[in-house]
Amino acid sequence: MTGFHLFVLDILAVMIIIYLYRVVRGPTVYDRVLGLNGISTKAIILLVVIGTVYGRVDMFVDISTGYALLNLVGALAIIKYLEQRGTA
Amino acid sequence: MSALLAATLPHRTLALFVLWLLLSESYNLLHMAVGLAAAFAVALLNTDRLTSAAYRIHWLRLAAYLPWLLWRIFLSGVHLSFLILHPRMPIDPIMIRHRTQLSNKNAVVLLGNSVTLTPGTLTVEANPDEVLVHAMDEYSAQDVKTLRLDRKIANLFKRTEARG
Amino acid sequence: MGLIGAGLMLVGLFFLVVAAIGMVRLPDVFSRSHAVALTDSLGALFLLAGLAVEHGFSPNALRILVVLALLYILNPVISHATVRAALRSGMKPWRRENG
Numbered sequence: 001m002t003g004f005h006l007f008v009l010d011i012l013a014v015m016i017i018i019y020l021y022r023v024v025r026g027p028t029v030y031d032r033v034l035g036l037n038g039i040s041t042k043a044i045i046l047l048v049v050i051g052t053v054y055g056r057v058d059m060f061v062d063i064s065t066g067y068a069l070l071n072l073v074g075a076l077a078i079i080k081y082l083e084q085r086g087t088a
Numbered sequence: 089m090s091a092l093l094a095a096t097l098p099h100r101t102l103a104l105f106v107l108w109l110l111l112s113e114s115y116n117l118l119h120m121a122v123g124l125a126a127a128f129a130v131a132l133l134n135t136d137r138l139t140s141a142a143y144r145i146h147w148l149r150l151a152a153y154l155p156w157l158l159w160r161i162f163l164s165g166v167h168l169s170f171l172i173l174h175p176r177m178p179i180d181p182i183m184i185r186h187r188t189q190l191s192n193k194n195a196v197v198l199l200g201n202s203v204t205l206t207p208g209t210l211t212v213e214a215n216p217d218e219v220l221v222h223a224m225d226e227y228s229a230q231d232v233k234t235l236r237l238d239r240k241i242a243n244l245f246k247r248t249e250a251r252g
Numbered sequence: 253m254g255l256i257g258a259g260l261m262l263v264g265l266f267f268l269v270v271a272a273i274g275m276v277r278l279p280d281v282f283s284r285s286h287a288v289a290l291t292d293s294l295g296a297l298f299l300l301a302g303l304a305v306e307h308g309f310s311p312n313a314l315r316i317l318v319v320l321a322l323l324y325i326l327n328p329v330i331s332h333a334t335v336r337a338a339l340r341s342g343m344k345p346w347r348r349e350n351g
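Residue numbers (my numbering), protein chains in the order written: chain F, 1 to 88; chain H, 89 to 252; chain E, 253 to 351.
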């Protein structure tokens with residue numbers, strides 16, 4: 001099964017690159033925030049799959065949980081700042 | 089802290105402690121004691137964050153609601169995939185100002201979360217009595233427009249008497 | 253068990269690819285956030301459920317489901333906040349007529 005897991009990891013990496021296009025091109029800053037949010041979701045899934053490949057899901061699940069919570073706080077901070085500044 | 093909120097404290101501590109046990113997987117006395125203390129502290133600190141404790145949720149009905157929501161998410165996800173993959177991309181985004189009948193904040197939060205989680209609909213503004221929803225096309229909007237989601241969620245909450 | 257898990261993961265990958273295509277094709281931030289919702293809800297659901305099925309009934313499968321529940325609670329909050337900020341800063345949603 002490891003080969004299939006590596007295939008899943010490859011696809012996830014390609015998806016992250018596509019989202020990165022949206023982050024770089026952007027037209028507005030909200031597109032960039034949205035793209036970053038999508039990337040972090042992929043990263044969370046990626047971490048769980050890597051944990052399965054290495055046989056250490058217990059450890060990698062903790063890391064991805066922490067990643068999800070940090071992403072929430074970071075994204076909300078950026079969005080609150082943009083909303084108060086009020087520019088597109 | 090009202091008596092009602094204090095009454096739910098043991099339940100919330102227990103739920104957090106079970107989560108701790110699941111994530112830590114070390115069952116010696118020291119770790120479990122630390123976990124229990126941490127769960128109690130978190131439950132106590134977050135007591136004031138709870139809104140409208142006069143409404144309690146029906147856990148059984150919630151357990152029945154979640155599979156229905158997953159099924160709706162799947163259907164609208166397939167529909168949205170069709171819209172995106174279609175060569176001409178026949179999307180027609182609309183904004184719906186939806187007056188909700190739900191009277192308590194927790195229910196509106198659950199409504200907003202369900203709407204956003206469903207592909208094709210998205211909560212833009214959420215107030216206690218009004219929700220602004222952005223929908224991809226008429227098909228996606230039907231659950232919100234026909235008040236079906238509203239009724240399902242209103243069913244999940246029961247009013248409790250103000251005990252002591 | 254392994255085959256069912258692999259099938260579920262393939263379905264999840266399909267939704268991830270569709271969402272990425274939508275991220276590139278769709279016209280404005282409001283409709284793009286629908287694509288992100290598609291990844292978050294269906295892509296993550298099928299991928300993580302497939303992984304959990306592969307692990308069988310074990311603490312590890314339950315842990316993966318905890319991550320999934322966390323994603324389901326947290327991600328709508330972020331997309332709602334993003335879109336609300338976009339609307340309040342004066343962006344107009346894309347309409348069929350003027351596109």
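Every residue gets a Cβ at the ideal spot worked out from N, C-alpha and C, and that includes glycine.
Bear in mind that the values here come from a model prediction, so they are computed numbers and not experimental data.
Residue-level contact to chain F via CB, residue i, 8 Å cutoff
i: L294 of chain E; result: no
i: S285 of chain E; result: yes
i: A321 of chain E; result: no
i: L265 of chain E; result: yes
i: A301 of chain E; result: no
i: G351 of chain E; result: Low confidence applies here, because G351 of chain E scores a pLDDT of 47, under 50, leaving its location unreliable; read the following figure in that light. No, no contact with chain F.
i: I256 of chain E; result: no
i: V270 of chain E; result: no
i: R315 of chain E; result: yes
Inter-residue CB distance, residue i and residue j (contact presumed, cutoff 8 Å)
i: A127 of chain H; j: I184 of chain H; result: The Cβ separation is near 41 Å, so there is no contact.
i: A68 of chain F; j: L323 of chain E; result: 7 Å
i: L104 of chain H; j: A131 of chain H; result: 6 Å
i: A338 of chain E; j: V276 of chain E; result: The Cβ separation is near 19 Å, so there is no contact.
i: P216 of chain H; j: K193 of chain H; result: 6 Å
i: I56 of chain H; j: G274 of chain E; result: In the structure as shown, chain H starts at 89 and stops at 252, and residue 56 of chain H therefore has no counterpart that could be examined.
C-beta neighbour in chain H for residue i, strict 8 Å
i: I273 of chain E; result: yes
i: V305 of chain E; result: no
i: A289 of chain E; result: yes
i: L326 of chain E; result: no
i: S341 of chain E; result: no
Beta-carbon spacing of residue i, residue j below 8 Å
i: M343 of chain E; j: G302 of chain E; result: no
i: A195 of chain H; j: A242 of chain H; result: yes
i: D58 of chain F; j: R315 of chain E; result: yes
i: H186 of chain H; j: V232 of chain H; result: yes
i: H332 of chain E; j: G200 of chain H; result: yes
i: V212 of chain H; j: R336 of chain E; result: yes
i: V319 of chain E; j: T65 of chain F; result: yes
i: L210 of chain H; j: V221 of chain H; result: yes
i: H5 of chain F; j: T41 of chain F; result: no
i: S202 of chain H; j: L237 of chain H; result: yes
i: L46 of chain F; j: L9 of chain F; result: yes
i: G264 of chain E; j: L290 of chain E; result: no
i: G208 of chain H; j: S191 of chain H; result: no
Member of the options whose CA lies at the smallest distance from the CA of residue i
i: V288 of chain E; options: F:Y19, F:T2 and F:N71; result: F:Y19
i: W346 of chain E; options: E:G254, E:S285 and E:L268; result: E:S285
i: V270 of chain E; options: E:I256, E:A296 and E:G254; result: E:A296
i: I78 of chain F; options: F:P27, F:V33, F:V24 and F:F7; result: F:V33
i: N134 of chain H; options: H:N192, H:N215 and H:R100; result: H:R100
i: S283 of chain E; options: H:L190, H:D180, H:G123 and H:V219; result: H:D180
i: I325 of chain E; options: H:V219, H:H119, H:W159 and H:T206; result: H:T206
i: F266 of chain E; options: H:L154, H:W156 and H:F170; result: H:F170
Residue i burial status per 10 Å Cβ neighbour count (16 or more: buried)
i: M15 of chain F; result: buried
i: G351 of chain E; result: With a pLDDT of 47 at G351 of chain E, under the threshold of 50, the modelled position of this residue cannot be trusted; read the value that follows with caution. G351 of chain E should be labelled exposed.
i: R251 of chain H; result: At R251 of chain H, the pLDDT of 41 sits below 50, so the modelled position is not reliable; the number obtained from the coordinates is stated separately. R251 of chain H should be labelled exposed.
i: K80 of chain F; result: exposed
i: H146 of chain H; result: exposed
i: E306 of chain E; result: buried
i: E249 of chain H; result: Annotation note: pLDDT 49 at E249 of chain H (below 50); position unreliable, coordinate value reported separately. Exposed.
i: P27 of chain F; result: exposed
i: V49 of chain F; result: buried
i: I293 of chain E; result: Rather than Ile, the amino acid found at residue 293 of chain E in this sequence is Ser. Answer is buried; the Cβ neighbour count reaches 16.
i: I256 of chain E; result: exposed
i: V29 of chain F; result: buried
i: I17 of chain F; result: exposed
i: N71 of chain F; result: buried
i: L148 of chain H; result: exposed
i: S270 of chain H; result: With chain H running from 89 to 252 in the structure shown, residue 270 of chain H is simply not present.
is_contact[residue i, chain E] using C-beta, thresh 8 Å
i: R186 of chain H; result: Position check: residue 186 of chain H holds His in this sequence, whereas Arg was assumed. Chain E contact via Cβ: absent.
i: T103 of chain F; result: Residue coverage of chain F in this structure runs from 1 to 88, which leaves residue 103 of chain F outside it and unanswerable.
i: F128 of chain H; result: no
i: S169 of chain H; result: yes
i: M15 of chain F; result: yes
i: V73 of chain F; result: no
i: L6 of chain F; result: no
i: K233 of chain H; result: no
i: N201 of chain H; result: yes
i: G38 of chain F; result: yes
i: H222 of chain H; result: yes
i: L163 of chain H; result: no
i: A68 of chain F; result: yes
i: E218 of chain H; result: no
i: L34 of chain F; result: yes
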